Structures are given as structure tokens and as C-alpha cells.
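Undergrad:
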Amino acid sequence: MDTLSDVVALLRSHRSYFAGLKAGGDWALDFPPPGGIKFNAVVEGECWLEVEGMIVPVRLYEGDCFLLTQNRPWKLSSHLALEGVDAREVYSKAVGGVASLGETADLFLIGGLFYYGDEARLLLEGLPPVVRISARSDQASVLRWCLERLSLEYASPKLGAALMTEHLAQMMLVQILRLYQASLGASTTGWLAALTDPRLAPVLAQVHAEPARRWTLSEMAGTANQSRSTFALHFKQRVGMAPQAYLTRWRMHLAVQALNTSSSSVSSIGQALGYQSDSAFSSAFKRLMNCSPREYRERKLHKGATDERYPAAQDPGQRH
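End of the sequence shown = 330 in the working numbering, gap-free, step of one.
See below:
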């Protein structure tokens, strides 16, 4: 399995939603931070997209798709000068998961929201707040098909709907990440950028395949056919962190997944990731997650019920 597949295959959405929007005339909607990964496709019409912190608005055309990767408020509108209304109020009156705004329907947009939790941290770090996919690209056609299938799964749930939704989300993620990776320049940093580097890609592949191995800088440098000093500098410039820091981050990515999905003890999880003692595993985990593995698992167990309070506030769509 390739490195990108390694990461995406670990992701399992905790909750997912689908929502549609029909709007016409002069209109503007203010959305709260999505709290997850938000896919959208403009089926008909055109509109403006603004995301907090982005200086330049994005013009969206019929057939375009876009991905929101960060937890920032965002806005859709027919004209940039318009003041937005709260999207939660509009979507609270949605019929069949589709909200309406205005007397006409110049725009039809569909979207899916997937909550991955901490498992998505490695995947999303380094991505821009918005990844736009032009209607002219092959990726856009795949994304529109996935969103259309997603809407059907919500409209008339059938046996296997949860698995279908999971796979559709992964297909959309892979398509968008492929497109984004293809657009990266030589100076771009991040693990996605490193996957296109002929020297670093084999190193990442081996680290992902053997996370418990006691990797040394010399071993990694040998895989890259570079000296230790050249490799260390090259890795940090391309990935944005030192090789050993990346190894720790990948291990913690796997640890979070195991703590969330398995009943294995904290000790056995740490040992499986190459840590010789509970204290070493706990210290590494706490540096990245700001809590010990045991505290993390306990919080997740108690958080499951309280998370149910937030769906309507996070995304005004239908729950799956």
C-alpha cells in the first residue's frame, strides 16, 4: 500500500452529514466553522465563497467542487457586499435535507461533512483552508458523482449505507489530495509534498510500514542515499520537521487510532509502536496531544454522548 493510502485508510468518520442548498436573487449565508472535512459541489449556478483569514474570495462556477479543511467560519453569497444571515436558521427549515433561500433557485449546491477527530491531524496539516477543484478537471466529475451518491444514501437509506458513506468520503479525500499534490511546487513543505520527492518518498514509505522499528538517522539517510547531514536538512526543508519528529508524529497518529478503535491496553499499544516503557510512550503522546494516552481514552469515552449536542450547530444538514 502506498503512503497516501496508509493515512487515508486509517480514517473512519465518527459522524457524517449531507445537506443541499437552493438560493436565488440577492442572498448571503454565514456558516459556522464546520468542525470537520466539508466537501461541496455547485450543481447549478454561481456564487462567491469567503473563508475567515483568506484575503481573496473564491468565485465558484457550475460544476466546481471545493473542500474546506480548517475550522473557520465561512460564507456563501450571490454578491460580496451583502450581509449574511445565519445558515443555521435557514437550514433549520430544510425539507429533505435541502434548504431554500429566496423566491427563485439560481443556485443549487450539495455538500457532505465528515468528522474524523484527531486521526485526521496528519492528513490535514499543511493544506490550505480551501481546495478548489475546477469543473473542467477529472477530479471534479468524480467528486460530483460521489456527492450525488451520498445524497441518494441519505434520501433512501439501505443496507450497507454506513459503509457506502465511509468509502465515498475516502474516494473524495483521495481525489482532492491527488489534485492538490499535483499542484505543489518544489518549495512547498509538508508530508504530502514529500511524497513526490524521489529521495524522501521511500523513507516515508518505510517509516509508515515499520513504525515500531528503532529508526536511526543513519538508516533513514541510507534509504534516501544521502549523508546524514544532507538528509536531515533536506527532510526538514521538505517536510517541515525533523525526521525523528515525523516518526513520532506517525506513531502518535497510529496510537490515536488504536486508542479510539481497539480495546488493547495502553501498554500493548505503546509496545506495538516501538516504545520500551509506558512512561516513554506516555511522554511522547503527551508532548503532541497534551494529555496522557489513558487520559485521552477516558475523555473520548465520556465525550461520545456530549458530542451529540453539536450536529445542528456545526452543520445544518441531515445526520447519518
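Yeah, the Cβ is synthetic: ideal placement off N, Cα and C, and Gly gets one too.
Since the structure is predicted, the reported quantities are computational estimates derived from the model, not experimental observations.
Take the Cβ of Q247 as the centre, count every other Cβ of all protein chains shown within 10 Å, and call the residue buried at 16 or more, exposed below.
TA: As a first step, residue 247 must be located in the sequence shown, where it is residue number 237. Result: exposed.
Undergrad: Please classify F28: does DSSP put it in a helix, a strand, or coil?
TA: Numbered from its first residue, the sequence shown carries residue 28 at position 18. Correct three-state label for F28: strand.
Undergrad: For a test of the three-state rule: what should DSSP assign to L311, helix, strand or coil?
TA: The sequence position of residue 311 within the sequence shown is 301, counting from 1. If DSSP states are grouped into helix, strand and coil, L311 belongs with the helices.
Undergrad: Less than 8 Å between the C-beta atoms of L119 and G34, yes or no?
TA: Here residue 119 is taken as the residue at index 109 of the sequence shown, counted from 1. Here residue 34 is taken as the residue at index 24 of the sequence shown, counted from 1. Not a contact, by the Cβ cut-off of 8 Å.
Undergrad: Quick check on the burial criterion: 16 or more other C-beta atoms within 10 angstroms. Buried or exposed for I65?
TA: If you number the sequence shown from 1, residue 65 lands on position 55. Looking at its Cβ environment, which holds fewer than 16 other Cβ atoms inside 10 Å, I65 is exposed.
Undergrad: Per DSSP, V213 forms a beta bridge with which residues?
TA: Counting from one through the sequence shown, the residue named residue 213 turns up at place 203. According to DSSP, V213 bridges with nothing at all.
Undergrad: Give me, in chain order, the residues of the same chain whose beta-carbon lies closer than 6 Å to that of A234; leave out the 5 immediate sequence neighbours on both sides.
TA: Translated into positions along the sequence shown, residue 234 becomes position 224. Correct list, in chain order: R209, V213 and F241.
Undergrad: In this structure, what does DSSP give as the bridge partners for F49?
TA: Taking the sequence shown and counting its residues from 1, one reaches residue 49 at position 39. According to DSSP, which records beta bridges pairwise, F49 is partnered with L77 and G122.
Undergrad: If you run the structure through DSSP and keep just helix, strand and coil, what is S110?
TA: The count along the sequence shown starts at 1 and reaches residue 110 at position 100. Reduced to three states, the DSSP call for S110 is strand.
Undergrad: Pick from W225, I143, L123 and A219: whose alpha carbon is nearest that of G107?
TA: The residue given as residue 107 occupies position 97 in the sequence shown. Residue L123 is the option with its Cα nearest to G107.
Undergrad: Does D96 pass the burial test, meaning 16 or more other C-beta atoms within 10 Å, or should it be called exposed?
TA: Taking the first residue of the sequence shown as 1, we reach residue 96 at position 86. Classification of D96: exposed, given that the 10 Å Cβ count is below 16.
Undergrad: For a test of the three-state rule: what should DSSP assign to S402, helix, strand or coil?
TA: Within the shown structure, residues of the chain are numbered from 11 to 330, placing residue 402 beyond reach of any answer.
Undergrad: Since I believe F41 is in contact with K85 (beta carbons under 8 Å), could you give me their beta-carbon distance rounded to a whole number of angstroms?
TA: Start at 1 with the first residue of the sequence shown, and residue 85 comes out as number 75. Start at 1 with the first residue of the sequence shown, and residue 41 comes out as number 31. Their Cβ separation, rounded to whole angstroms, is 7 Å, which keeps K85 and F41 in contact under 8 Å.
Undergrad: Classify K168 as buried or exposed, calling it buried when 16 or more other Cβ atoms lie within 10 Å of its own Cβ.
TA: For the purposes of this step, residue 168 is taken as residue 158 along the sequence shown, with counting starting at 1. Result: exposed.
Undergrad: Taking C-beta to C-beta, are G284 and P221 nearer than 8 Å?
TA: Position 274 of the sequence shown holds residue 284. Position 211 of the sequence shown holds residue 221. Their beta carbons are under 8 Å apart, which means G284 touches P221 by this criterion.
Undergrad: I'd like the list of long-range same chain contacts for E318, defined as Cβ closer than 6 Å, with 5 residues on each side in sequence excluded.
TA: The sequence position of residue 318 within the sequence shown is 308, counting from 1. Here the model assigns E318 a pLDDT of 40, short of 50, so the residue's position is not dependable and the matter cannot be decided.
Undergrad: Compute the Euclidean distance between the alpha carbons of P83 and E54, then round it to the nearest angstrom.
TA: Walking along the sequence shown from the start, residue 83 turns up at place 73. Walking along the sequence shown from the start, residue 54 turns up at place 44. Those two C-alpha atoms are separated by around 23 Å.
Undergrad: Roughly how many whole angstroms lie between the Cα atoms of V152 and S287?
TA: The sequence position of residue 152 within the sequence shown is 142, counting from 1. The sequence position of residue 287 within the sequence shown is 277, counting from 1. Near 46 Å, if we compare the C-alpha coordinates of S287 and V152.
Undergrad: Go ahead and pull the three-state DSSP assignment for I186.
TA: One-based indexing of the sequence shown puts residue 186 at position 176. In the structure shown, I186 sits in a helix (DSSP, three-state: H, G or I).
Undergrad: By how many angstroms is the C-alpha of L227 removed from the C-alpha of A145?
TA: Mapped onto the sequence shown, residue 145 falls at position 135. Mapped onto the sequence shown, residue 227 falls at position 217. Cα-Cα distance, rounded: 44 Å.
Undergrad: My guess is that E2 and Y71 are in contact by the Cβ rule of under 8 Å, so how many angstroms apart are they, rounded?
TA: Missing from the structure shown is residue 2; the chain here goes from 11 to 330 and no further.
Undergrad: Can you name, in chain order, every residue of its own chain whose Cβ lies under 7 Å from the Cβ of S302, other than the five neighbours on each side?
TA: Numbered from 1 along the sequence shown, position 292 holds the residue referred to as residue 302. Within the same chain, S302 has close Cβ partners S292, F295 and K296.
Undergrad: Assuming contact is defined by CB atoms lying nearer than 8 Å, are T13 and A179 in contact in what I supplied?
TA: Taking the first residue of the sequence shown as position 1, residue 13 is located at position 3. Taking the first residue of the sequence shown as position 1, residue 179 is located at position 169. No.
Undergrad: Counting C-beta neighbours from all protein chains within 10 Å, is the total for N50 16 or more, i.e. buried, or is it exposed?
TA: Start at 1 with the first residue of the sequence shown, and residue 50 comes out as number 40. N50 should be labelled buried.
Undergrad: Would Y190 pass as a contact of V141 if the rule is Cβ separation under 8 Å?
TA: The residue you call residue 190 lines up with position 180 of the sequence shown. The residue you call residue 141 lines up with position 131 of the sequence shown. Result yes, Cβ atoms of Y190 and V141 sit closer than 8 Å.
Undergrad: Identify the continuous alpha helix (DSSP H) that holds L269 and give its terminal residues.
TA: The sequence position of residue 269 within the sequence shown is 259, counting from 1. Run containing L269: P253 to T271, per the alpha helix (DSSP H) assignment.
Undergrad: Can you check which of these residues, L117, S278, W201 and Y125, is closest to E176 by C-alpha distance?
TA: In the sequence shown, counting from the first residue as 1, residue 176 sits at position 166. Of the listed residues, the one whose Cα sits closest to E176 is Y125.
Undergrad: Pop quiz: V100 and L39 are said to be a contact at Cβ under 8 Å. What is the actual Cβ separation, rounded to whole angstroms?
TA: Locating residue 100 in the sequence shown gives position 90, counting from the first residue. Locating residue 39 in the sequence shown gives position 29, counting from the first residue. So it is a contact: roughly 6 Å between Cβ atoms.
Undergrad: Assuming D40 is part of the alpha helix (DSSP H), what are its boundary residues?
TA: For the purposes of this step, residue 40 is taken as residue 30 along the sequence shown, with counting starting at 1. It is not in any alpha helix (DSSP H) - D40 instead sits in the beta strand (DSSP E) that spans A38 to F41.
Undergrad: What are the boundary residues of the beta strand (DSSP E) that R69 is part of?
TA: Position 59 of the sequence shown, counting from 1, holds the residue named residue 69. R69 -> beta strand (DSSP E) spans V68 to L70.
Undergrad: May I ask you to list the residues that DSSP assigns as paired with A87?
TA: Here residue 87 refers to the residue found at position 77 of the sequence shown. It should be noted that the sequence gives Ser, not Ala, for residue 87. Its beta-bridge partners are A38 and W58.
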